[in-house]
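Note that UniProt numbering has the sequence shown beginning at 1, numbered continuously upward.
Backbone N, C-alpha and C fix where the C-beta goes; we use that ideal spot for every residue, glycine too.
Notes to accompany the following structure.
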Amino acid sequence: MPTDEPPTTIPTPQTKLRTKYFIIKSYSAENVTTSLRRGIWATQKQNEQMLNDAFLDTPRVVLVFSINGSRHFQGYARMTSLIQPKRPQDYVNRDFQGDISKWGNTFTLNWERVGSVPFWETDHMRNPLAENMPITRSRDGQELPERIGEEMCRLIDHHGIPIRPDLMFPVTEEERECIAGGRPPKGVGG
């Protein structure tokens with residue numbers, strides 16, 4: 001019996017939704033905790049145009065977070081708005097730590113997964129967009145190829161923990177020790 005419904009199309013590689021992935025280096029664990037609780041982030045001004053371009057050009061932009069000094073990746077979030085100058089700068093000043101003069105404007109995001117992935121588990125991942133350097137040496141705002149971004153998110157999913165309103169970073173004792181300047185995590189030399 002004929003229907004008025006449009007035919008269903010099967011996605012092909014040409015129609016596959018694309019995702020862009022970026023490494024975000026956080027100044028502090030408190031900033032990532034604030035982001036998780038408030039659903040906002042403020043990147044360095046130098047990253048704003050690149051992230052906005054990605055947001056406009058691709059259906060999905062995923063930010064993979066690493067707290068400076070933690071030697072871990074802590075989770076990933078999907079960018080849900082453009083970075084717009086109309087957002088008040090004092091919003092950033094109230095919510096985030098660090099050298100405020102380097103912060104740009106805020107934007108919204110949705111945390112999709114939180115987990116603690118030690119850097120040594122990603123030693124095999126190299127970024128051809130950054131001279132084939134290990135992804136652990138990525139700078140803030142460094143883009144990852146889609147294949148590597150997907151693999152990174154799968155690793156975080158594997159280490160995932162429930163996102164709760166009271167969750168605070170860092171999430172593991174090993175991360176706390178790294179941030180405090182203690183021993184390197186298992187699998188990483190001095």
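Given this structure, state the Cα-to-Cα distance separating residue i from residue j, to the nearest angstrom.
i: Thr-106; j: Glu-121; result: 31 Å
i: Phe-55; j: Glu-151; result: 21 Å
i: Glu-131; j: Asp-123; result: 15 Å
i: Ile-179; j: Pro-145; result: 28 Å
i: Leu-167; j: Leu-36; result: 8 Å
i: Gly-181; j: Ser-28; result: 14 Å
i: Arg-60; j: Gly-141; result: 16 Å
i: Thr-172; j: Thr-108; result: 26 Å
i: Ile-174; j: Gly-69; result: Correcting the residue type first, residue 174 is Glu in the shown sequence and not Ile. So the two alpha carbons sit approximately 11 Å from each other.
i: residue 193; j: Ala-42; result: Coverage of the chain is limited to positions 1 through 190, which leaves residue 193 absent and any answer about it impossible.
i: Met-133; j: Lys-25; result: 16 Å
i: Lys-20; j: Val-62; result: 6 Å
i: Gly-115; j: Leu-129; result: 25 Å
With H, G and I counted as helix, E and B as strand and the rest as coil, what does DSSP make of residue i?
i: Ala-77; result: strand
i: Ile-161; result: strand
For residue i, which residues of its own chain have a beta-carbon under 6 Å away from its beta-carbon, when the five flanking residues on both sides are left out?
i: Glu-48; result: Ile-83 and Gly-104
i: Ile-148; result: Met-125
i: Ile-23; result: Val-64, Ser-138 and Gln-142
i: Ile-135; result: Thr-122, Met-125 and Asn-127
i: Phe-119; result: Arg-71 and Thr-136
Going by CA-CA distance only, name the one from the options that's closest to residue i.
i: Thr-33; options: Leu-63, Gln-74 and Thr-43; result: Gln-74
i: Arg-137; options: Thr-19, Ile-67, Thr-172 and Glu-175; result: Ile-67
i: Asn-110; options: Pro-85, Asn-127 and Arg-78; result: Arg-78
i: Phe-169; options: Glu-30, Thr-43 and Val-62; result: Glu-30
i: Lys-45; options: Pro-85, Phe-119, Val-171 and Pro-134; result: Pro-85
i: Pro-165; options: Arg-38, Arg-18 and Lys-20; result: Arg-38
i: residue 198; options: Val-62, Lys-20, Thr-80 and Arg-18; result: Residue 198 lies beyond the range of the chain shown here (1 to 190); nothing can be said about it.
i: Arg-18; options: Thr-43, Asp-57, Leu-63 and Ala-42; result: Asp-57
Excluding the 5 residues preceding and the 5 following residue i in the sequence, name in chain order all residues of the same chain whose CB lies nearer than 8 Å to its CB.
i: Arg-113; result: Gly-75, Tyr-76, Cys-153, Ile-156, Asp-157, Gly-160 and Ile-163
i: Asn-52; result: Leu-82 and Ile-83
I'd like the list of long-range same chain contacts for residue i, defined as Cβ closer than 7 Å, with 5 residues on each side in sequence excluded.
i: Val-117; result: His-72, Phe-73, Leu-155, Ile-156 and His-159
Query raised in the report: Going along the chain, which unbroken runs of the beta strand (DSSP E) with 3 or more residues stay wholly within the UniProt domain "YTH" (19-156)?
Result: 19-26, 40-44, 60-67, 72-79 and 103-118
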